[in-house]
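Novice:
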Amino acid sequence: MTVRLIDMVFPGDANHHGTLFGGVGLAHLDKVAFLAASRHARRAVVTAGCERIDFAAPARIGEMVEAVGRVVRIGRSSLGVEVELHAESLLSGERRLCTRGAFNMVALRPADDDQPLAPLDEAGEADDGWLRTAEMVFPGTTNHYGTLFGGDALKLMGKAAFVTATRHAREVMVMAATNRIDFKAPIDGGDMVELVSRVKMAGRSSLSVEVQLWAERLLTGERRRSTTAEFVMVAVDDAGKPKTIKARRTSDEVGAF
146 MTVRLIDMVF PGDANHHGTL FGGVGLAHLD KVAFLAASRH ARRAVVTAGC
196 ERIDFAAPAR IGEMVEAVGR VVRIGRSSLG VEVELHAESL LSGERRLCTR
246 GAFNMVALRP ADDDQPLAPL DEAGEADDGW LRTAEMVFPG TTNHYGTLFG
296 GDALKLMGKA AFVTATRHAR EVMVMAATNR IDFKAPIDGG DMVELVSRVK
346 MAGRSSLSVE VQLWAERLLT GERRRSTTAE FVMVAVDDAG KPKTIKARRT
396 SDEVGAF
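Position one of the sequence shown corresponds to residue 146 (my numbering), numbered consecutively onward.
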């Protein structure tokens, strides 16, 4: 099962050369390795080590980075996760491999647990037209109830809408409105969240992006839809004025305003 994590390179994550700081890149890879291993083992897992990490190319400020993790080896209590980090220019679509490596993860077992880990799943990743990206709910993003703070949920969903719209249009996109946001269920600290997004409708200069936020308990696999929102994103020119989206898809692929 492939797990992907998508983020933007902002100045706070960059070094004095204007490129993604290596430690931030490694943190992305470790997180996606943890999520991939936890999803497979359905046990608490920890990072035991990593093999050679090769930095092939930089990721620059303003680019999107996509970390991908996939379990490739299963032992009695250990899992090998292959990880890659790609950079993408959202306006041109140009992609390049930045970093590749392998993480060794260990599943923690109670003394009475002698069940083997599940075998590898060779099934390929389905392409259903939705962009899927995962994140982890750590204590720094929870409120005093121990659940994901609503503002942080909206931040994640806004980022997913921005990436989805910009990838679709290959134009500079800004958020113009949120049509509706429904909070259906809380997300607890320690849950994985998966953001699922797609362009729902396309106009001359605007896109309507549907974003769903799903919570998943890593130890049981239980999933629940937590939040649904619709964002209106608008393409703008250098002066910040709306402009026509040139690379629009056909009406057969998305609806029309």
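No residue lacks a Cβ here, since even glycine has one placed at the ideal position from N, Cα and C.
All values reported here derive from a predicted model rather than from experimental measurement.
Buried or exposed: where does residue 361 fall if 16 or more other Cβ atoms within 10 Å of its Cβ makes it buried?
Specialist: Buried, since its Cβ has 16 or more Cβ neighbours within 10 Å.
Novice: For residue 151, which beta-bridge partners are listed by DSSP?
Specialist: DSSP output for residue 151 lists 211 as bridge partner(s).
Novice: Rounded to whole angstroms, what's the CA-CA distance from residue 363 to residue 226? Just pull it up for me.
Specialist: Whole-angstrom Cα-Cα distance: 16 Å.
Novice: What are the boundary residues of the alpha helix (DSSP H) that includes residue 176?
Specialist: First-last of the alpha helix (DSSP H) with residue 176: 167 to 186.
Novice: From residue 401 to residue 252, what does the alpha carbon distance come to, in whole angstroms?
Specialist: In this predicted model, residue 401 has a pLDDT of only 37, less than 50, meaning its place in the structure is not dependable enough to derive any value.
Novice: Under the DSSP definition of a beta bridge, which residues are partnered with residue 361?
Specialist: DSSP output for residue 361 lists 337 and 368 as bridge partner(s).
Novice: Any idea what DSSP makes of residue 391, helix, strand or coil?
Specialist: Reduced to three states, the DSSP call for residue 391 is coil.
Novice: Report back the beta-carbon spacing between residue 165 and residue 201 to the nearest angstrom; my notes put them in contact at under 8 Å.
Specialist: Incorrect: roughly 13 Å between the Cβ atoms, too far for contact.
Novice: Within its chain, find whatever has a CB closer than 7 Å to the CB of residue 163; leave out the 5 residues flanking it on each side and keep chain order.
Specialist: Excluding positions up to five away in sequence, the list reads 205 and 206.
Novice: Excluding the 5 residues flanking residue 149 on each side, which residues of the same chain have their C-beta closer than 8 Å to its C-beta?
Specialist: Only 177, 211, 212, 213, 214, 277, 278 and 279 meet the Cβ criterion.
Novice: Judging by CA-CA distance, which residue of 342, 338, 315 and 180 is the nearest neighbour of residue 294?
Specialist: The shortest C-alpha separation from residue 294 is found at 338.
Novice: Assess contact between the region 324 to 336 and the region 368 to 378, defined as three or more Cβ pairs (one per stretch) separated by less than 8 Å. Is contact present?
Specialist: The region 324 to 336 is in contact with the region 368 to 378.
Novice: From the DSSP output, which residues share a beta bridge with residue 229?
Specialist: 213 and 245.
Novice: So, are the CB atoms of residue 282 and residue 334 less than 8 Å apart?
Specialist: In contact: residue 282 and residue 334 (Cβ atoms closer than 8 Å).
Novice: For the region 274 to 361, list the alpha helix (DSSP H) runs that are entirely contained and at least 4 residues long, ordered along the chain.
Specialist: You should have 295 to 314.
Novice: Taking the alpha-carbon positions, what's the residue 235 to residue 349 distance?
Specialist: Taking the straight line joining both Cα atoms gives about 19 Å.
Novice: Roughly how far, in whole angstroms, is the beta-carbon of residue 302 from the beta-carbon of residue 377, given that I think they are within contact range, below 8 Å?
Specialist: With a Cβ gap of about 13 Å, residue 302 and residue 377 do not count as contacting.
Novice: In angstroms with no decimal places, state the Cα-to-Cα distance between residue 179 and residue 285.
Specialist: Rounded to whole angstroms, residue 179 to residue 285 spans 18 Å at the Cα level.
Novice: Assign residue 266 to buried or exposed, taking buried as 16 or more other Cβ atoms, counted over all protein chains shown, within 10 Å of its Cβ.
Specialist: Per the 10 Å Cβ criterion, exposed.
Novice: Would you tell me roughly how many angstroms separate the C-alpha atoms of residue 152 and residue 159, rounded to the nearest one?
Specialist: Taking the straight line from one Cα to the other gives about 13 Å.
Novice: In chain order, what residues of the same chain have a beta carbon less than 8 Å from the beta carbon of residue 388, not counting five sequence neighbours either side?
Specialist: Closer than 8 Å at Cβ, skipping near neighbours: 316, 350, 380, 381 and 382.
Novice: Among all the DSSP beta bridges, which residues are the ones paired with residue 382?
Specialist: Paired residue(s): none; residue 382 is not in a bridge.
Novice: Is the beta carbon of residue 245 sitting closer than 8 Å to the one on residue 199?
Specialist: Contact: yes.
Novice: For residue 250, is the classification buried or exposed, using 16 other Cβ atoms within 10 angstroms of its Cβ as the cut-off for buried?
Specialist: Answer is buried; the Cβ neighbour count reaches 16.
Novice: Across which residues does DSSP place residue 250 in a beta bridge pair?
Specialist: According to DSSP, residue 250 bridges with 192 and 224.
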